[in-house]
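Residue numbers (our numbering), protein chains in the order written: chain G, 7 to 405; chain B, 7 to 405.
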């Protein structure tokens with residue numbers, strides 16, 4: 007029997023206990039032995055709950071219990087999660103976490119401590135929720151020169167964009183509905199401004215390339231300025247509008263950003279709707295591979311955390327190597343990143359537009375404006391153009 | 007440095023050598039040491055080819071070479087692949103194979119030999135080609151009670167069905183085009199009759215449930231009787247027609263089959279077109295997860311094989327557990343398997359149809375026939391109905 011502890015009895019934490027209890031035969035068979043939740047840490051009381059008798063408010067009860075060999079951290083946020091996880095690892099306990107913030111900020115250090123202690127620090131649920139993508143990136147997509155990793159990594163914004171697209175409703179209305187349904191937080195900033203997706207693409211990129219990408223270095227734009235008119239143009243052009251986190255290799259240099267983009271309908275990510283997430287990986291041998299599923303939610307996320315616990319139990323006494331060094335990943339300058347841009351402007355003189363943007367492809371417009379797609383230009387060039395002609399809205403076009 | 011050998015220098019074998027050579031820095035970094043292709047076995051000569059000097063016609067040159075610790079088997083077919091692989095494993099060499107036939111027939115025995123020898127038998131490319139699905143099923147989707155695994159597992163038939171759907175061309179015409187383009191074999195039977203998909207769903211099902219599913223026990227229907235009229239009905243109904251291999255759990259019993267089915271457009275598999283493959287897994291915690299990518303082709307398949315080689319090198323001296331016992335998996339009787347059925351019949355008397363099939367949903371028809379969808383009934387009930395009323399064509403409807 008292996009004893010584990012769960013730090014945090016919120017949505018995911020209670021899901022972890024539920025999955026271990028409901029699927030105990032399967033979980034124990036896969037782990038090779040019985041997994042027992044010995045302790046749950048939370049500041050709150052849970053009278054009448056099955057964990058009532060194993061609940062503690064004192065982290066030391068877990069840290070100092072030598073019978074507990076695997077710890078699940080599902081509290082979220084950097085502190086006190088970081089302090090707790092680090093202490094557990096230093097005490098020789100393996101850790102499984104769903105905490106993207108913790109992993110994005112302290113991933114390489116915690117992996118290093120696990121390596122030195124011959125234990126494991128696993129974080130399958132930290133990007134893509136229930137979707138198995140972290141372990142496949144670490145152990146399956148290992149023979150390829152990966153030239154792109156692009157993900158729809160945030161279910162809240164994908165839900166909002168899907169509703170705006172299908173129902174023609176505007177952003178504020180759909181956000182309010184999403185909040186009422188519990189799909190969006192009362193303070194939705196981390197989702198709608200791109201911060202959540204940003205941490206996740208930082209984690210995925212670091213894993214693919216083996217060095218650290220600090221999420222603060224990633225250019226980030228949210229979805230708050232997308233309008234129903236943008237969707238009308240996209241439909242007409244055969245594109246979907248999706249918030250993606252993406253890292254691409256161009257001429258040997260890596261460029262990352264988080265932003266709403268136009269994706270052509272034949273891109274498999276374009277068809278991912280509602281709260282679903284998808285991660286597309288392009289390798290020079292593999293071609294396109296995509297992982298699809300629920301990027302959030304109590305049980306899908308808990309399933310990924312429990313799979314990490316099982317892997318930690320199976321690999322007791324052995325560190326499973328994860329290549330994610332502390333050294334910062336070399337990135338191209340964002341100003342050199344290239345795309346085509348979809349542009350809407352009040353400037354109606356095509357000669358004036360050509361003088362600034364060069365040859366562009368116009369899109370039929372029912373509005374009193376011009377809409378067009380540029381040739382492939384750099385971010386720097388695009389910004390320079392925008393300083394010359396007023397641009398009402400713009401979206402990168404991902405081909 | 008680790009020396010490997012490649013058995014078979016056909017499409018996949020030459021791809022394996024190409025991936026190892028082209029991506030050597032990445033491959034060696036992931037493996038933790040240099041991977042060197044020391045020997046290639048093939049009966050043919052390859053004058054001028056890079057492998058000319060390491061080519062052998064004699065398997066014993068590889069078997070008896072103690073410097074070779076990992077062997078890639080990409081010859082295809084059961085023999086001599088089975089004899090060669092077994093000898094390699096018994097000699098203490100780990101094996102990576104793309105050979106679905108070998109894995110479907112001898113998987114549990116070869117895994118057992120690997121376990122006893124503390125080496126590895128890996129087969130990521132045996133189902134889903136380049137798509138990482140075997141390793142995720144074995145190491146990631148471990149906490150769930152899996153209630154469904156359904157895959158579009160054959161690129162040739164998916165290409166044919168996609169063309170028939172989009173171009174309105176008939177089966178014989180599209181098959182001929184596919185053969186000219188090299189997407190279908192001159193003798194297409196293994197693809198179009200479902201045998202290839204059948205072996206793959208047998209492998210995936212065995213891995214999910216940990217016991218052996220003999221592919222001969224799987225009910226199998228091919229795509230040769232699908233007509234353009236079937237597609238017209240499907241379009242009208244909001245469905246796609248896809249050849250799937252599927253295993254579903256109903257009331258605790260497992261039912262498998264390979265057959266063309268109607269999939270609603272909101273099923274993520276419905277959107278997988280051309281030569282792409284997709285595997286959908288439904289777990290009681292995870293909900294739906296899908297893996298998507300190229301199910302065949304030289305480099306995608308080779309990429310998966312090389313990822314297996316890397317994993318074998320990383321795990322030298324350690325057997326990575328794969329739960330796939332020799333014991334036959336308990337399956338429900340196919341006659342008890344339930345679906346709705348889409349039916350086309352020359353019987354035009356609705357009262358007569360109702361007397362046999364009960365209440366059905368009629369689909370508008372431009373043809374001189376009746377078309378309808380039944381309620382959920384068993385295969386046995388459906389067959390009994392067909393014995394009473396002549397059915398021109400029928401497709402299961404997967405909801």
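Each residue gets a CB set at the ideal place from its N, CA and C atoms; glycine is no exception.
Three-state class that DSSP yields for residue i in the structure shown
i                      : result
residue 182 of chain B : helix
residue 354 of chain G : coil
residue 233 of chain G : coil
residue 242 of chain G : helix
residue 146 of chain G : coil
residue 112 of chain G : helix
residue 93 of chain B  : helix
residue 201 of chain G : helix
residue 19 of chain G  : helix
residue 122 of chain B : helix
residue 57 of chain B  : coil
residue 189 of chain B : coil
residue 157 of chain B : strand
residue 332 of chain G : strand
residue 465 of chain G : The displayed coordinates of chain G run from 7 to 405. Any statement about residue 465 of chain G would go beyond what the structure contains.
residue 384 of chain B : strand
Nearest candidate by alpha-carbon position, reference residue i, set the options
i                      : options                       : result
residue 125 of chain G : G:277, G:98 and G:196         : G:98
residue 183 of chain B : B:193, B:166 and B:140        : B:166
residue 350 of chain G : G:391, G:317, G:343 and G:323 : G:391
residue 72 of chain B  : B:29, B:198 and B:94          : B:94
residue 352 of chain G : G:134, G:53, G:137 and G:373  : G:373
residue 162 of chain B : B:397, B:156, B:215 and B:195 : B:195
residue 240 of chain G : G:46, G:172 and G:92          : G:172
residue 332 of chain G : G:47, G:253, G:306 and G:216  : G:216
residue 285 of chain G : G:224, G:106 and G:160        : G:160
residue 255 of chain B : B:68, B:111, B:336 and B:383  : B:336
residue 123 of chain B : B:363, B:322, B:69 and B:377  : B:322
residue 119 of chain B : B:327, B:340, B:383 and B:207 : B:327
residue 330 of chain B : B:21, B:18, B:112 and B:31    : B:112
residue 202 of chain B : B:185, B:229, B:358 and B:218 : B:229
residue 48 of chain B  : B:37, B:35, B:62 and B:36     : B:62
8 Å Cβ cutoff met for residue i and residue j
i                      : j                      : result
residue 472 of chain B : residue 304 of chain B : Missing from the structure shown is residue 472 of chain B; chain B here goes from 7 to 405 and no further.
residue 79 of chain B  : residue 65 of chain B  : no
residue 300 of chain B : residue 151 of chain G : no
residue 231 of chain B : residue 345 of chain B : no
residue 147 of chain B : residue 295 of chain B : yes
residue 297 of chain G : residue 139 of chain G : yes
residue 271 of chain G : residue 244 of chain G : yes
residue 266 of chain G : residue 181 of chain G : no
residue 169 of chain G : residue 175 of chain G : yes
residue 264 of chain B : residue 200 of chain B : yes
residue 40 of chain B  : residue 81 of chain B  : no
residue 54 of chain B  : residue 283 of chain B : no
residue 253 of chain B : residue 155 of chain B : yes
Residues bridged to residue i (per DSSP)
i                      : result
residue 402 of chain B : B:267 and B:347
residue 225 of chain B : B:263
residue 297 of chain B : G:297 and B:285
residue 47 of chain B  : B:13 and B:62
residue 76 of chain G  : G:10 and G:100
residue 42 of chain G  : G:9
residue 367 of chain B : B:379
residue 247 of chain G : G:268
residue 255 of chain G : G:260
Contact test: residue i Cβ vs the ligand FMN heavy atom, cutoff 7 Å
i                      : result
residue 114 of chain B : As far as ligands go, the structure on display features none, and thus does not contain the ligand FMN.
Name the residues in the segment 32–45 of chain B whose C-beta lies less than 9 Å from a C-beta of chain G; which are they? 32, 33, 35, 36, 37 and 38
Return the residues of the segment 317–338 of chain G that lie within a Cβ-Cβ distance of less than 8 Å from chain B, sorted by chain order. Within the segment 317–338 of chain G, contact with chain B at the beta-carbon level (separation under 8 Å) is assigned to 317, 320, 324, 327 and 329.
Closer than 7 Å, Cβ to Cβ, to anything on chain G: give me those residues from the segment 68–102 of chain B, in chain order. Answer in chain order: no residues at all.
Along the segment 131–155 of chain G, what residues have a CB closer than 8 Å to any CB found in chain B? Those would be 136, 137, 138, 141, 142, 145, 146, 147, 148, 149, 150 and 151, in chain order.
Which residues of the segment 293–308 of chain G have a Cβ closer than 7 Å to any Cβ of chain B? Give them in chain order. Near chain B, meaning a CB-to-CB distance below 7 Å, the residues of the segment 293–308 of chain G are 293, 294, 295, 296, 297, 298, 299, 300, 305, 306 and 308.
With 7 Å as the C-beta to C-beta threshold (strictly closer), list the residues of the segment 369–402 of chain B near chain G in chain order. none
Given a limit of 7 Å on CB to CB distance, which residues of the segment 267–281 of chain G reach chain B? Correct list: 274 and 277.
Interface positions of the segment 119–130 of chain G facing chain B (Cβ-Cβ less than 8 Å), listed along the chain: 130
Listed from N- to C-terminal order along the chain, which residues in the segment 192–204 of chain B have their beta-carbon within a distance smaller than 8 Å of any beta-carbon of chain G? Residues of the segment 192–204 of chain B whose Cβ lies closer than 8 Å to any Cβ of chain G: none.
Which residues, taken in chain order from the segment 247–258 of chain B, show a beta carbon closer than 9 Å to some beta carbon of chain G? none
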